[in-house]
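Report on one structure; see the data block that follows.
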């Protein structure tokens with residue numbers, strides 16, 4: 004699998020996930036703001052020219068939350084996430100999506116303005 008990554012971006016969490024699961028991966032490294040990220044090849048992978056993007060065979064997935072869910076469902080073998088029949092599964096999904104949708108946008112703003 005190939006992870007399209009830029010240092011100091013949300014793609015770091017995808018690398019972390021792969022390391023936690025012991026999954027092999029290849030890195031395509033960009034610097035934030037690289038022209039290559041706005042080029043036609045990368046725009047086919049992510050319509051906004053961002054990272055992370057995961058290429059897994061014929062599948063191309065962007066957005067870190069979607070990639071995390073995809074990798075855990077397809078390759079996680081029950082690690083790091085409760086099973087759907089676990090009473091905590093709904094709570095897990097609730098907080099996973101709350102963090103992505105409500106917490107990360109203001110945190111990203113603070114980090115970008117600070118760094």
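Residue numbers (the numbering used here): 4 to 118. Where is the CB? At the ideal position from N, CA and C, for every residue including glycine.
- Per the Cβ contact rule, the segment 9–20 is in contact with the segment 41–56 (3 or more Cβ pairs under 8 Å).
- Bounds of the beta strand (DSSP E) holding residue 5 are 5–8.
- Taking every protein chain shown into account, the CB of residue 9 has 16 or more other CB atoms within 10 angstroms, so this residue is buried.
- The secondary-structure analysis by DSSP pairs residue 32 across a beta bridge with 8.
- With fewer than 16 other Cβ atoms from the protein chains shown falling within 10 Å of its own Cβ, residue 46 counts as exposed.
- With a cutoff of 8 Å on beta-carbon distance, residue 23 and residue 96 are scored as not near each other.
- Residue 30 is not a Cβ neighbour of residue 74, given a cutoff of 8 Å.
- Annotation for residue 49: 56 and 65 place their beta carbon closer than 6 Å to its own, counting only its chain and skipping 5 residues before and after.
- Judged by their CB atoms, residue 28 and residue 6 are nearer to each other than the 8 Å cut-off.
- Counting along the chain, residue 59 sits inside the beta strand (DSSP E) bounded by residues 56–59.
- Assigned with DSSP and collapsed to three states, residue 66 falls in coil, not helix or strand.
- For residue 23, the enclosing alpha helix (DSSP H) stretches over residues 15–24.
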